[in-house]
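What follows is one structure encoded as structure tokens, with my remarks underneath.
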Amino acid sequence: MAPAADTHCPYCALQCAMTLTPTAGEPAPVTVSGREFPTNRGGLCKKGWTSAELLARGDRITAPLVRQDDGSFVEASWDEVLDRIAREVARIGRESGADAVGVFGGGGLTNEKAYQLGKFARIALRTSRIDYNGRFCMSSAAAAANRAFGLDRGLPFPLTDLDTADAVLVMGSNMGDTMPPFVQHLQGARARGGLIVVDPRRSTTARLTADGAGTHVQPAPGTDMALLLGVCHVVIADELYDRDYVDARTTGFDAVRRSVSAWWPERTEQVTGVPAGVVRDIAHRLAGARSAYVLTGRGVEQHADGTDTATAAINLALLLGLVGREGSGYGTLTGQGNGQGGREHGQKSDQLPGYRKITDPAARAHVARVWGVDPESIPGPGIPAVQLLASCGVEGGVRALLVHGSNVVVSAPDVSQVRAALGRLDLLVVSDFFLSETAQLADIVLPVLQWAEEEGTMTNLEGRVIRRRRAVDPPPGARSELWIMRELAARLDAPGAWSLDPAEVFDELAHASAGGLSDYSGLSHALLDTGIAAHWPYPQGSSGTPRVFLDRFAHDDGRARFVSVRPRRPETPHGSELSLVTGRILEHYQSGTQTRRVAELNDPNPRLVAQMHPVTARDRGIADGSRVRMSNHRGALEADVRLCPDIRPDTVFLPFHYAGPESANLLTSAATDPHSAMPEFKNAVVTVEAVA
Numbered sequence: 001m002a003p004a005a006d007t008h009c010p011y012c013a014l015q016c017a018m019t020l021t022p023t024a025g026e027p028a029p030v031t032v033s034g035r036e037f038p039t040n041r042g043g044l045c046k047k048g049w050t051s052a053e054l055l056a057r058g059d060r061i062t063a064p065l066v067r068q069d070d071g072s073f074v075e076a077s078w079d080e081v082l083d084r085i086a087r088e089v090a091r092i093g094r095e096s097g098a099d100a101v102g103v104f105g106g107g108g109l110t111n112e113k114a115y116q117l118g119k120f121a122r123i124a125l126r127t128s129r130i131d132y133n134g135r136f137c138m139s140s141a142a143a144a145a146n147r148a149f150g151l152d153r154g155l156p157f158p159l160t161d162l163d164t165a166d167a168v169l170v171m172g173s174n175m176g177d178t179m180p181p182f183v184q185h186l187q188g189a190r191a192r193g194g195l196i197v198v199d200p201r202r203s204t205t206a207r208l209t210a211d212g213a214g215t216h217v218q219p220a221p222g223t224d225m226a227l228l229l230g231v232c233h234v235v236i237a238d239e240l241y242d243r244d245y246v247d248a249r250t251t252g253f254d255a256v257r258r259s260v261s262a263w264w265p266e267r268t269e270q271v272t273g274v275p276a277g278v279v280r281d282i283a284h285r286l287a288g289a290r291s292a293y294v295l296t297g298r299g300v301e302q303h304a305d306g307t308d309t310a311t312a313a314i315n316l317a318l319l320l321g322l323v324g325r326e327g328s329g330y331g332t333l334t335g336q337g338n339g340q341g342g343r344e345h346g347q348k349s350d351q352l353p354g355y356r357k358i359t360d361p362a363a364r365a366h367v368a369r370v371w372g373v374d375p376e377s378i379p380g381p382g383i384p385a386v387q388l389l390a391s392c393g394v395e396g397g398v399r400a401l402l403v404h405g406s407n408v409v410v411s412a413p414d415v416s417q418v419r420a421a422l423g424r425l426d427l428l429v430v431s432d433f434f435l436s437e438t439a440q441l442a443d444i445v446l447p448v449l450q451w452a453e454e455e456g457t458m459t460n461l462e463g464r465v466i467r468r469r470r471a472v473d474p475p476p477g478a479r480s481e482l483w484i485m486r487e488l489a490a491r492l493d494a495p496g497a498w499s500l501d502p503a504e505v506f507d508e509l510a511h512a513s514a515g516g517l518s519d520y521s522g523l524s525h526a527l528l529d530t531g532i533a534a535h536w537p538y539p540q541g542s543s544g545t546p547r548v549f550l551d552r553f554a555h556d557d558g559r560a561r562f563v564s565v566r567p568r569r570p571e572t573p574h575g576s577e578l579s580l581v582t583g584r585i586l587e588h589y590q591s592g593t594q595t596r597r598v599a600e601l602n603d604p605n606p607r608l609v610a611q612m613h614p615v616t617a618r619d620r621g622i623a624d625g626s627r628v629r630m631s632n633h634r635g636a637l638e639a640d641v642r643l644c645p646d647i648r649p650d651t652v653f654l655p656f657h658y659a660g661p662e663s664a665n666l667l668t669s670a671a672t673d674p675h676s677a678m679p680e681f682k683n684a685v686v687t688v689e690a691v692a
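The C-terminal position of the sequence shown is numbered 692 in the working numbering, with every residue numbered one higher than the one before it.
And the structure:
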């Protein structure tokens with residue numbers, strides 16, 4: 001029997017450490033035990049404890065599948081499907097140009113596969129049309145951090161720094177459900193009464209503020225920026241800001257001071273519904289804390305002004321002198337397992353490895369040398385995810401799409417339009433280990449490896465590069481994406497090296513990232529196997545950077561940028577309409593492809609349930625447990641109802657993990673942020689009616 005393998009959870013970016021010990025195969029090929037690690041300290045959530053069950057699922061795809069004329073799938077050989085993909089991709093490229101072929105990646109791919117996918121798109125397919133599902137997750141926070149600091153790392157400090165905080169402001173995140181082991185790092189702030197949670201629902205995380213542990217703030221949906229501007233106003237007006245820090249380490253203060261002058265607490269209350277006294281209390285609590293942090297999540301970022309809202313949170317942190325100091329800071333909570341690393345090394349439409357801009361001639365020359373190609377042969381910037389999907393099957397758009405590690409017909413906004421777009425393609429190829437809802441629409445499905453069947457690296461929410469280790473053998477028919485890309489690259493006569501060894505691919509990634517913002521050049525699998533703490537940037541000769549910005553920010557002058565922002569008017573309900581809020585629940589993850597297949601996770605929440613305030617339901621003749629129809633101009637769905645006083649009466653909540661007619665994204669908007677191209681998942685208006 002194989003030895004136990006120390007690895008990390010296949011789900012969120014906390015990347016909790018676990019040990020997988022082989023068994024006789026029943027009910028799963030390994031048992032899971034928590035392992036001591038700074039983020040989880042030996043603990044796991046329900047998803048982590050049950051993760052091994054996915055390795056023994058009977059509906060695992062173990063051979064390539066080809067769609068027939070009647071819509072059914074039949075198994076085919078690898079040579080057959082790879083020959084067909086290469087042949088059709090080449091034909092489409094000749095007829096319509098290389099950009100008629102697109103690639104859609106995922107934030108759950110290892111660093112090695114994410115890097116190789118970006119390289120494959122650009123020098124094997126020769127297309128600029130690549131983006132990934134992290135565009136739906138981290139893009140607004142990334143754009144805000146790049147604009148303010150010159151560098152995007154989700155948490156620019158180790159997570160354990162939060163342990164001793166006096167005050168922590170959490171906006172737009174429910175980590176009590178989405179990453180439960182995170183909560184232990186909030187205990188210090190709770191003990192001091194300093195946990196401030198901003199959420200229109202009294203979520204699991206918001207309930208942590210009870211009994212004097214802090215404050216729960218319930219602003220109207222879409223008004224988070226106004227709340228932040230009001231807090232900034234108080235910080236400046238009451239002279240709570242760190243004048244020495246602002247003078248020495250930032251630029252743009254005067255413009256921000258002018259821009260927030262109109263947001264006195266009483267006006268902020270009129271817009272947000274948050275009492276003026278609470279606005280003042282937040283400002284004074286954060287300013288008076290010896291150690292304070294501002295944390296944001298998708299709830300404030302998944303808006304058409306999400307970048308500006310995250311910027312307002314950064315402005316607050318800069319006013320208080322929190323960023324770039326030990327014991328304080330600003331951070332954003334990465335969601336997907338490799339949401340950080342997945343966006344650093346080439347999956348984004350405008351980036352090359354090392355977080356380099358694809359339009360930078362020096363960056364192009366450096367990466368071209370590593371790839372062994374002419375810099376001129378590397379395509380320019382492509383188009384972000386929402387536009388990429390919308391372009392499928394339209395004139396001048398994408399005719400073939402290769403999807404890796406993403407289930408877009410559940411996770412993308414306005415999914416009715418996405419389903420229609422995929423149906424217009426000449427060729428849809430999906431690589432997955434289960435027949436996801438997107439795979440069910442594919443012309444060809446390629447069976448790939450699961451997390452415990454492969455070697456590689458991930459980068460967690462702290463920017464810590466960690467090792468994923470193989471614990472079990474994959475089914476005989478499944479293949480690594482590295483193998484698939486090598487085989488297709490050979491058929492397409494692509495230049496460059498296409499190693500199957502993840503350690504060798506990582507070495508190439510490290511070389512390609514050298515000198516970039518996210519520099520991995522001092523790392524290797526062998527070094528990571530020693531158990532070092534490896535926070536990027538980790539250039540050769542260094543010991544990594546657990547805390548960035550201590551000496552300077554990443555702009556040329558070393559200073560952070562204040563950026564003035566103003567709220568836009570969100571889509572607001574009228575009459576009997578309600579604001580729709582979407583999010584995650586404890587048992588499920590992302591599109592549910594994995595968690596809906598685990599009985600212990602699915603049985604408590606097997607179907608879509610809407611959360612609604614009892615007063616709101618009473619006015620509509622809706623009883624607890626009854627069925628409702630929710631609709632807007634984009635679509636409609638039906639859901640059961642759970643009445644709960646923990647949500648605002650003007651709001652209804654839906655989890656987004658469900659598929660088909662239960663997909664919450666039937667109702668969400670594909671409008672995007674102008675800076676980040678993040679879609680507006682968190683701002684929609686719906687009508688809710690009882691179903692007879």
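Where a beta carbon is used, it is the ideal one built from N, C-alpha and C, also for glycine.
Model, not experiment: these values are computed from the prediction.
When DSSP builds the beta bridges, which residues end up paired with residue i?
i, result
"Glu638", "Arg629"
"Ile444", "Val66, Val429"
"Asp6", "Thr19"
"Ile466", "Met458"
"Tyr330", "Val294"
"Ser406", "Paired residues: none, contrary to the question."
"Arg479", "Val448"
"Ala690", "Val628"
"Phe653", "Val581, Gln611"
"Ile130", "Val103"
"Leu643", "Met612"
Go through its chain and collect everything with a Cβ distance to residue i's Cβ below 8 angstroms, but skip five positions before and after it.
i, result
"Pro181", "Leu14, Cys16, Thr39, Asn40, Arg41, Gly43, Leu44, Cys45"
"Tyr589", "Tyr11, Cys12, Lys47, Thr595, His657"
Would you report the Cα separation of residue i and residue j, rounded to the nearest angstrom?
i, j, result
"Ser669", "Phe136", "12 angstroms"
"Gly463", "Gly154", "7 angstroms"
"Ser421", "Gly288", "Reading off the sequence, residue 421 comes out as Ala, not Ser. If I take the Cα positions, the gap works out to 53 angstroms."
"Gly306", "Val386", "16 angstroms"
"Val107", "Leu117", "One point to set straight first is that residue 107 is Gly, not Val, in the sequence displayed. Rounded to the nearest angstrom, the two C-alpha atoms are 12 angstroms apart."
"Phe73", "Val66", "5 angstroms"
"Arg479", "Val279", "54 angstroms"
"Phe434", "Gly194", "44 angstroms"
"Gln184", "Leu208", "11 angstroms"
"Gly558", "Asp83", "52 angstroms"
"Leu643", "Asp242", "45 angstroms"
"Gly277", "Gln270", "13 angstroms"
"Glu662", "Gly635", "11 angstroms"
"Ile466", "Pro502", "13 angstroms"
"Pro22", "Glu587", "25 angstroms"
"Tyr520", "Pro413", "33 angstroms"
Residues in the same chain with beta-carbon distance under 6 angstroms from residue i, minus the five sequence neighbours each way, listed in chain order, please.
i, result
"Phe120", "Met485"
"Trp263", "Leu229, Gly230, His233"
"Ala165", "Gly188, Ala189, Ser291, Tyr293"
"Arg192", "Asp166"
"Val81", "Pro64, Ile444"
"Ala664", "Thr582, Leu654, Phe656"
"Ala684", "Leu580, Leu667, Thr668, Ser669"
"Glu53", "Ala28, Val598"
"Ala145", "Asp152"
"Ala114", "Gly342, His345, Gln347"
Rounded C-beta distance between residue i and residue j? I'm assuming under 8 angstroms.
i, j, result
"Ala368", "Asp374", "6 angstroms"
"Phe149", "Phe562", "Between Phe562 and Phe149 the Cβ distance is about 11 angstroms, and since that is not below 8 angstroms, they are no contact."
"Gly544", "Ala534", "5 angstroms"
"Thr268", "Ala226", "6 angstroms"
"Ala5", "Arg469", "5 angstroms"
"Leu427", "Glu88", "5 angstroms"
"Thr672", "Pro679", "5 angstroms"
Start-end ranges of the beta strand (DSSP E) lying completely within the stretch 552-616, minimum 3 residues: Unbroken beta strand (DSSP E) runs of no fewer than 3 residues, entirely contained in the stretch 552-616, are found at 578-583, 609-612, following chain order.
What are the uninterrupted segments assigned as alpha helix (DSSP H) that are 4 or more residues long and contained completely in the stretch 344-401, given in chain order? 361-371, 385-390, all fully within the stretch 344-401.
Identify every run of the alpha helix (DSSP H) within the stretch 151-220, keeping only runs that are complete inside it and at least 4 residues long; order them along the chain. Counting only runs of 4 or more, we get 175-178, 187-191.
For a minimum of 4 consecutive residues, which ranges assigned as the alpha helix (DSSP H) are wholly contained in the stretch 54-122? As far as the stretch 54-122 is concerned, its whole alpha helix (DSSP H) runs of at least 4 residues are 78-96, 111-119.
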